[in-house]
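Just add 1260 to wherever you are in the sequence shown, counting from 1, and you've got the working numbering.
All C-beta atoms, glycine included, are put in the ideal place defined by N, C-alpha and C.
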Amino acid sequence: MADGIGGWWQGARQWIRTGVQPGQELRTRTEPRIGLALGGGFARGIAHVGVLRAFERARIPIFCIGGVSAGSIVASAFASGACSDEIEQVARTMRFSDIARWRLSTQGLVGSDRMLLFLQRLLKVFEFERMKIPLAVVASDLTAGAPAVFRDRGDVVLPIRASCSYPGLFQPVRYMDHCLVDGMISMDVPAAPLRRMGATHVVSVALPTPTETVDPQNMLSVVTRCFQVMNSRTESQWRRHSNLVITPEVRDIAWNAFESASHVVAAGERAANAMIPQILRWFTQKPDTVAVA
C-alpha cells in the first residue's frame, strides 16, 4: 500500500514539474517539435512555398514557424491556416506594386501601406493569438540596435511590414517610439526565436543571393552588397541554432522577378524533398500518426 501511494505521489510530482503524465514521457522525449525558420529574399522568398508543400506531402507536422522579410509573409500565411496551394495562387499573380507605392522621401523610395490589402488576400487571421501554428515575425529595431521579435499576441500586419522594410528602398515603420526596418539586418534566418518557442529541431531555409559587382553610383546596389557582406559574417549565428538547412537554388532569380513564381516554388520543393528523408529519421512514428501540438 505504501509503495502504491509512493508511486502515485512520484508520478504526480513528475506531472506538476514537467506537465508530462506517467506513460507519456517516452513519446514526449522522442518525437521532435519542428520549428521552420524562413529567411528573406524578396521574390526569391516564394521558394518557401515549395518547402511548405514538401512538408505537407510528407505529412511532417510543424510545431512553430518564423520568418524575416519575405519569409515573414509566407510564414504568417501558413500559420494563419493557408495551405501551400493557396499561397502559391496569390504568389503567381503578385507584383512589386502589390506591396509598395512609390513615394519619394528622405527615408526611402517606397511606402509599404499597400501591403495591408495584399495581406488581406493572403492571410486568414490577423492576430498572433489566432494563428493555427505559433508564429514569430522578426524585424530590426534601429532605436534599440537589436532584433524585434513579435509573437504570441497582437496585430501581425505591422510586424510583417516592418520585417520587409528594406533600408533605402522601403521607408521604415514606426512602432511606438521605435524605428523598425528589415529583419535581415539583425537576424537573416529566425532560428533562435523558434528555439525559445519550444522547438526541439529547427529547419532553416536560407535563400542564396547572387554575388554582384557593386555599382557605387547605385544606392540599392550598395545597400544590397552591404547586406551580403553582413549576412556572410552572421551566418554562423543562425546555423548554430539549426539542425538542418535547406538552400533552394534560386541564385539566378532577380530580387523583383515575381513573374518567375512557378520556377521558384519548384526550386524550393526540390531542395526540401532532398532533405525530407533526413527529417523523417527524427521521428519514431510515421509523421501521419504523430500528434500535432
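- The three-state secondary structure of Phe1410, taken from DSSP, is strand.
- For Ser1502, the secondary structure class from DSSP, reduced to helix, strand or coil, is coil.
- Per DSSP, the unbroken beta strand (DSSP E) holding Asp1401 starts and ends at Leu1395 to Asp1401.
- Between the alpha carbons of Gln1497 and Ser1332 lies a distance of about 19 Å.
- Apart from sequence neighbours up to five positions away, the residues of its chain that approach Ile1393 with a beta-carbon distance below 8 Å are Ile1322, Phe1323, Cys1324, Ile1325, Phe1338 and Ala1339, ordered along the chain.
- Around the beta-carbon of Gln1545, fewer than 16 other beta-carbon atoms lie within 10 Å, marking it exposed.
- Here DSSP, grouped into helix, strand and coil, assigns Glu1389 to helix.
- Nearest to Phe1388 by C-alpha distance, out of Arg1411, Asp1401, Ala1404 and Ser1425, is Arg1411.
- By the criterion of a C-beta distance shorter than 7 Å, Met1391 is surrounded in its chain by Ala1339, Ser1340 and Val1385, once the five residues flanking it on both sides are discounted.
- With 16 or more neighbouring CB atoms inside 10 Å of its own CB, Ser1400 falls in the buried class.
- In this structure, the alpha-carbon of Leu1467 lies about 15 Å from that of Ser1502.
- With 16 or more other CB atoms across the displayed protein chains lying within 10 angstroms of its CB, Leu1296 is buried.
- The closest CA to that of Val1510, considering only Arg1455, Cys1343, Ile1306 and Phe1315, is found on Ile1306.
- In the structure shown, Leu1377 falls within a helical segment according to DSSP collapsed to helix, strand and coil.
- For Phe1338, the uninterrupted alpha helix (DSSP H) segment begins and ends at Ala1330 to Ser1340.
- Pro1407 and Val1334 have their C-alpha atoms spaced approximately 19 Å apart.
- In the displayed model, Arg1434 falls within a strand according to three-state DSSP.
- As the crow flies, the alpha-carbon of Ala1422 is around 21 Å from that of Val1350.
- The C-alpha of Trp1542 lies about 27 Å from the C-alpha of Val1398.
- If you draw a straight line from the Cα of Arg1352 to the Cα of Asp1345, it comes to about 11 Å.
- In the three-state reduction of the DSSP assignment, Ser1464 falls in the strand class.
- Within the same chain, Cβ atoms closer than 6 Å to the Cβ of Val1449 are found at Ala1297, Gly1299, Ser1464, Ala1466 and Trp1498, the five residues on either side in sequence being excluded.
- For the pair Ala1303 and Ile1513, the CB atoms are nearer than the 8 Å cut-off.
- With a cutoff of 8 Å on beta-carbon distance, Leu1383 and Ser1336 are scored as near each other.
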